[in-house]
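Participant: Next up is a structure, given as structure tokens.
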Amino acid sequence: MQLKYLSIIFSIAGILLLYFLSTLSQPTIIDLNEIQKYEGKQVIVEGIVTESYTTKYESQIITIENNNFSTKIFVEGETDIDYGDKIQATGEVQAYKGEWEVVVNNKRFVKILQKWQNITIPLKQLAETPEKYEDLNVNVTGFVDTIFDTYFYLYDSEEEYSIIVVYNPFTQGPFTAGQKLYVNAKFVFDSENFRYKLETGDDAHNIFVAGD
Amino acid sequence: MLDLLLILLFVLLGVITGIATGLLPGLHVNNVALIFLSLSGSIVAGLSFLFNYGITEQFILVLICVYITAVATSHVFHDIIPSTFLGAPEEETALSVLPAHSLLMEGKGYEAVYLAVTGSFGAILFCLIAIYLIRFVVGSPLFLYASIRGIMLWVLIAVTLLMITTEKGRIEIFRKKGITPSILGILFAAFIFIISGIFGLVIFNLPLDSPIGLSSPALFPALAGMFGTPTLLTSLFTNPKIPLQVIEKIRFDKKAKKSSLLSVITGSIAGVLVSIIPGTSSSTGTIIAMTVRGESDKKQTIITLAAVNAACAFSVTIFLFVILRARSGATIAIGELMALEEWADIMMPTNLTYLLIAMLLGAMLSYFLSLKIGKIFAKHVSNLPYSLIVKITLTFVTILVFLFTGLMGLVIMLVATFIGLLPVQWGVRRSHCMGILMIPIILYFL
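Chain order of the listed sequences is A and B.
Under the numbering used here, read the first sequence as residues 67 to 278, first letter to last.
Under the numbering used here, read the second sequence as residues 8 to 453, first letter to last.
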């Protein structure tokens with residue numbers, strides 16, 4: 067057979083062979099503390115989004131945290147993630163300016179495993195490890211206690227822990243004491259009063275009354 | 008004064024390295040940039056005695072970038088020599104012959120080198136004269152890059168259609184006359200484009216493991232296989248007899264001068280354009296330039312292709328400071344080594360000035376050196392054991408691919424070679440193989 071026909075057959079057969087090899091070598095899920103062992107390799111990382119910003123040229127740099135370790139993810143393009151979302155990213159481990167990062171060349175390789183609104187965090191957990199959730203969006207369930215003009219106290223079912231929830235009385239509420247609420251808010255440290263609080267200032271934040 | 012002398016020294020070293028990377032097929036400036044990026048810490052430590060003379064660590068990193076830029080510039084010029092003198096097929100038997108190979112087989116190899124070197128130098132000068140225009144058009148206030156980015160998908164589709172529909176190759180397996188061979192040529196071009204794209208999508212997921220710890224992207228073996236080895240293999244199969252080369256002073260008449268100037272200008276503009284559009288190559292730029300001009304003369308094609316190449320190498324460095332995006336392996340390394348200050352107003356960032364010195368000085372030195380080396384090649388090529396040199400080159404490329412990408416890289420190169428043989432064997436343009444980059448990028452923008 068002539069080379070011109072053989073080259074068609076071998077091109078197609080070669081691509082099929084490479085496709086088969088690529089299915090055998092799918093990237094593995096790694097822990098964030100062992101990222102440096104995988105330089106130049108494709109990996110899958112998972113974690114909670116603790117920071118995210120978009121560069122001037124529409125690339126996104128996301129910081130994720132998992133088991134007290136964190137890493138940066140560089141994404142070509144902008145994703146729909148929010149602070150507090152649990153995400154999975156597939157990309158290549160690279161060193162950039164002395165730090166390890168996972169470079170994801172397409173935003174489609176960043177999957178949201180769980181939206182932050184769907185991860186309910188008990189007040190007890192927030193109180194015991196506040197630093198883990200600081201500046202993250204959280205979903206907290208509790209009962210209304212004392213109500214003020216722009217904030218109210220939310221306590222847990224055991225009445226053991228309580229926290230201030232800052233809200234907008236013109237767009238949210240009205241609430242009554244003892245009402246069960248699902249609060250989607252940002253967990254922040256109020257340095258003036260030296261305490262943590264939940265803020266509902268963003269479009270993604272909301273307060274739902276149980277049973278409505 | 009010492010800093011200026013050091014810049015000159017690093018430019019000179021860069022030009023010498025560029026001669027080596029340019030003359031040795033398969034060794035690309037991106038590999039050199041990668042090596043120097045990984046060695047940058049050791050280089051700074053080795054040159055730490057310069058701290059006593061007021062040279063800072065940052066400036067040593069700038070010197071490495073100057074060196075990489077000079078290598079890239081020199082590579083553009085010297086790469087012309089092996090691509091002219093190596094891999095030429097027997098013209099009687101080959102369907103697709105590159106314009107430079109065609110001139111070589113007419114005994115005009117030196118003329119091919121002269122035309123390409125002149126085109127390259129002309130493009131560098133054109134880009135230098137137009138540097139402010141390029142900066143204002145691509146960056147603020149006209150923001151061409153931002154505008155194109157918004158419609159990138161359509162730009163890429165338009166470039167793809169232009170590449171495929173302007174295919175002039177004829178496939179005469181069913182009929183020799185009429186429109187059928189031309190239609191088959193276009194369909195086969197589309198087939199190569201698609202198959203290259205599928206190949207590109209598959210290889211980007213493959214793990215590569217360099218035995219020397221300097222992993223290159225999968226593109227290295229893929230491009231070497233698609234564009235390098237098929238030409239060499241075809242030459243080996245057809246065993247051409249290289250005629251005695253004529254070496255004489257090349258003179259342009261008035262018409263040729265005008266035509267060449269137009270080739271340099273259109274090639275340079277196309278080179279700047281393809282540097283902005285991801286996934287496009289110099290050959291795409293040449294197709295755009297030749298289509299705009301309506302010219303298909305092989306001498307003008309050589310000048311245009313060389314101008315596109317040189318303008319690409321020049322503008323990717325400028326764009327690193329204008330749009331803050333790296334568009335080549337060399338600029339990725341530069342971006343990691345030196346502080347990138349956006350060129351937002353009239354005054355050029357200092358680091359860009361150093362790189363411009365490297366490009367201009369590198370181009371001037373390379374212009375004379377490449378003509379000199381080209382003349383030596385032309386003198387001796389007809390007496391050399393051509394098949395043996397082609398075999399050595401193939402072995403060298405294979406060893407490089409193995410060193411940088413391991414066994415998987417060799418498999419990728421083998422498959423890429425079969426895909427690269429398709430246009431050579433069926434007589435259509437090789438640039439359709441750029442589907443390897445364009446299809447994944449089109450899918451990204453979808």
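The C-beta atom is built at its ideal place from N, Cα and C for all residues, glycine as well.
If you follow the alpha helix (DSSP H) that A:Asn172 is in, where does it begin and where does it stop?
Facilitator: Translated into the one-based positions of the first sequence, residue 172 of chain A becomes position 106. Segment: none, A:Asn172 is in no alpha helix (DSSP H) and carries neither H nor E.
Participant: Determine, using beta carbons only, whether B:Met415 comes closer than 9 Å to chain A.
Facilitator: As a working note, residue 415 of chain B is residue 408 in the second sequence. Yes, contact with chain A.
Participant: A:Lys190 and A:Asp211 look like a contact to me (Cβ under 8 Å); what is the Cβ gap, rounded to whole Å?
Facilitator: Residue 190 of chain A sits at position 124 when you count from the first residue of the first sequence. Residue 211 of chain A sits at position 145 when you count from the first residue of the first sequence. With a Cβ gap of about 16 Å, A:Lys190 and A:Asp211 do not count as contacting.
Participant: Going along chain B in order, which residues have a C-beta closer than 9 Å to the C-beta of A:Ser91?
Facilitator: Residue numbering aside, residue 91 of chain A sits at position 25 when the first sequence is read from its first letter. Going along chain B in sequence order, the residues near A:Ser91 (Cβ under 9 Å) are Asn212, Leu213, Pro214 and Met415.
Participant: Please identify the residue among B:Ile272, B:Asp10 and B:Phe409 whose C-alpha is closest to the C-alpha of B:Ala225.
Facilitator: Start at 1 with the first residue of the second sequence, and residue 225 of chain B comes out as number 218. B:Ala225 has its Cα closest to that of B:Phe409, out of B:Ile272, B:Asp10 and B:Phe409.
Participant: Three or more C-beta pairs under 8 Å: does that hold for the stretch 48-59 of chain B against the stretch 103-114 of chain B?
Facilitator: Segments in contact, no.
Participant: Is there a Cβ of chain B sitting closer than 9 Å to that of A:Gly106, yes or no?
Facilitator: In the first sequence, the residue the question calls residue 106 of chain A occupies position 40. Yes, its Cβ sits closer than 9 Å to a Cβ of chain B.
Participant: Starting from the beta carbon of A:Asn172, find every residue of chain B whose beta carbon is closer than 7 Å, and list them in chain order.
Facilitator: By 1-based counting over the first sequence, the position of residue 172 of chain A is 106. Near A:Asn172 (Cβ distances below 7 Å), the residues of chain B are Tyr451.
Participant: Counting contacts by CB-CB distance shorter than 9 Å, is A:Ser228 in contact with chain B?
Facilitator: Numbered from 1 along the first sequence, position 162 holds the residue referred to as residue 228 of chain A. Chain B contact via Cβ: absent.
Participant: Got a sec: is the Cβ-Cβ distance from B:Leu410 to anything in chain A below 9 Å?
Facilitator: Against the second sequence, residue 410 of chain B aligns to sequence position 403. No, because no Cβ of chain A sits closer than 9 Å to the Cβ of B:Leu410.
Participant: I believe B:Leu239 touches B:Gly29 by the beta-carbon criterion, under 8 Å. Please report the beta-carbon distance rounded to the nearest angstrom.
Facilitator: Position 232 of the second sequence, counted from the first residue, corresponds to residue 239 of chain B. Position 22 of the second sequence, counted from the first residue, corresponds to residue 29 of chain B. With a Cβ gap of about 16 Å, B:Leu239 and B:Gly29 do not count as contacting.
Participant: Check the DSSP bridge columns for A:Asp256 and list the partner residues they point to.
Facilitator: The residue given as residue 256 of chain A occupies position 190 in the first sequence. Answer is A:Arg261, bridged to A:Asp256.
Participant: Around the Cβ of A:Arg261, are there at least 16 other Cβ atoms within 10 angstroms (buried) or fewer (exposed)?
Facilitator: Translated into the one-based positions of the first sequence, residue 261 of chain A becomes position 195. Result: exposed.
Participant: I need the straight-line Cα distance from B:His108 to B:Gly116, nearest angstrom please.
Facilitator: Reading the second sequence from its first residue, position 101 is the one you call residue 108 of chain B. Reading the second sequence from its first residue, position 109 is the one you call residue 116 of chain B. Approximately 8 Å, taken between the alpha carbons.
Participant: With 9 Å set as the bound, which would you pick, yes or no: does the beta-carbon of B:Leu378 sit closer than that to a beta-carbon of chain A?
Facilitator: Numbered from its first residue, the second sequence carries residue 378 of chain B at position 371. No, B:Leu378 lies away from the interface with chain A (no Cβ there is under 9 Å from its Cβ).
Participant: Take the Cβ of B:His82 as the centre, count every other Cβ of all protein chains shown within 10 Å, and call the residue buried at 16 or more, exposed below.
Facilitator: For this step, residue 82 of chain B is matched to residue 75 along the second sequence. The residue is buried, with at least 16 neighbouring Cβ atoms inside 10 Å.
Participant: Under 9 Å between the Cβ atoms of B:Thr291 and B:Thr308?
Facilitator: Along the second sequence, one-based indexing puts residue 291 of chain B at 284. Along the second sequence, one-based indexing puts residue 308 of chain B at 301. It is not a contact, given that the beta carbons lie outside the stated cut-off.
Participant: Under the rule that 16 or more other beta-carbon atoms within 10 Å means buried, what is B:Met8, buried or exposed?
Facilitator: By one-based count along the second sequence, residue 8 of chain B stands at place 1. When all chains shown are included, B:Met8 counts as exposed.
Participant: Tell me whether B:Gln252 is buried or exposed, calling it buried when 16 or more other Cβ atoms sit within 10 Å of its Cβ.
Facilitator: In the second sequence, residue 252 of chain B corresponds to position 245, counting from 1. So B:Gln252 counts as buried.
Participant: Using 10 angstroms around the beta-carbon of B:Phe411, count the other beta-carbons present and answer buried if the total reaches 16, otherwise exposed.
Facilitator: Residue numbering aside, residue 411 of chain B sits at position 404 when the second sequence is read from its first letter. By the 10 Å Cβ count, B:Phe411 comes out buried.
Participant: Looking at the structure shown, is A:Gln183 part of a helix, part of a strand, or coil, going by DSSP?
Facilitator: Mapped onto the first sequence, residue 183 of chain A falls at position 117. The answer is helix: DSSP assigns A:Gln183 an H, G or I state.
Participant: At which residues does the beta strand (DSSP E) containing A:Thr212 begin and terminate?
Facilitator: In the first sequence, counting from the first residue as 1, residue 212 of chain A sits at position 146. Leu202 to Ile213 is the span of the beta strand (DSSP E), which, as asked, contains A:Thr212.
Participant: Using a C-beta to C-beta distance shorter than 7 Å, which residues of chain A count as neighbours of B:Phe206?
Facilitator: By one-based count along the second sequence, residue 206 of chain B stands at place 199. Residues of chain A passing the Cβ test: Ile81.
Participant: Is the separation between the beta-carbon of B:Ser223 and that of B:Asn38 shorter than 9 Å?
Facilitator: Sequence index remark: in the second sequence, residue 223 of chain B carries index 216 (1-based). Sequence index remark: in the second sequence, residue 38 of chain B carries index 31 (1-based). Contact flag set, yes.
Participant: Quick one: is B:Leu11 buried, meaning 16 or more other Cβ sit within 10 Å of its Cβ, or exposed?
Facilitator: Working through the second sequence from its first residue, we reach residue 11 of chain B at position 4. The residue in question, B:Leu11, is exposed, as its Cβ has fewer than 16 Cβ neighbours within 10 Å.
Participant: What in chain A is Cβ-close to B:Gln65, meaning under 7 Å?
Facilitator: Reading the second sequence from its first residue, position 58 is the one you call residue 65 of chain B. Simply none; closest approach about 14 Å.
Participant: Give the list of continuous alpha helix (DSSP H) stretches no shorter than 4 residues that lie fully inside the stretch 211-268 of chain B.
Facilitator: Listed in chain order, the complete alpha helix (DSSP H) runs (minimum 4 residues) inside the stretch 211-268 of chain B are 226-230 and 236-245.
Participant: For the alpha helix (DSSP H) that B:Phe409 lies in, which residues bound it at each end?
Facilitator: The count along the second sequence starts at 1 and reaches residue 409 of chain B at position 402. Tyr393 to Trp433 is the extent of the alpha helix (DSSP H) around B:Phe409.
Participant: Which ranges does the alpha helix (DSSP H) cover as unbroken runs of at least 4 residues, wholly within the stretch 138-185 of chain B, from first to last along the chain?
Facilitator: Whole alpha helix (DSSP H) segments, 4+ residues: 138-145, 151-157 and 159-172.
Participant: Strictly under 9 Å for the Cβ-Cβ distance: is B:Trp433 near chain A by that measure?
Facilitator: The sequence position of residue 433 of chain B within the second sequence is 426, counting from 1. At least one chain A Cβ lies under 9 Å of B:Trp433.
Participant: Using the Cβ count rule (16 or more neighbours within 10 Å means buried), how would you classify A:Asn203?
Facilitator: The residue given as residue 203 of chain A occupies position 137 in the first sequence. Its Cβ being crowded by 16 or more others within 10 Å, A:Asn203 is buried.
Participant: Alpha carbon to alpha carbon, what distance is there between B:Met415 and B:Val209?
Facilitator: Taking the second sequence and counting its residues from 1, one reaches residue 209 of chain B at position 202. Taking the second sequence and counting its residues from 1, one reaches residue 415 of chain B at position 408. Taking the straight line from one Cα to the other gives about 13 Å.
Participant: If I measure Cβ to Cβ from B:Gly204 and keep anything under 6 Å in the same chain, skipping five residues before and after, which residues do I get?
Facilitator: Along the second sequence, one-based indexing puts residue 204 of chain B at 197. So the list reads Gly442 and Ile446, once near-sequence residues are dropped.
Participant: Kindly list, in the order they appear in chain B, the residues whose Cβ is closer than 7 Å to that of A:Lys70.
Facilitator: By 1-based counting over the first sequence, the position of residue 70 of chain A is 4. Those within 7 Å of A:Lys70 in chain B are Gln432 and Trp433.
Participant: The alpha helix (DSSP H) spanning B:Leu132 covers which residue range?
Facilitator: Start at 1 with the first residue of the second sequence, and residue 132 of chain B comes out as number 125. Gly116 to Ile136 is the extent of the alpha helix (DSSP H) around B:Leu132.
Participant: How about the stretch 141-157 of chain B and the stretch 167-175 of chain B: do they share at least three Cβ pairs that are nearer than 8 Å?
Facilitator: Verdict: no, contact absent.
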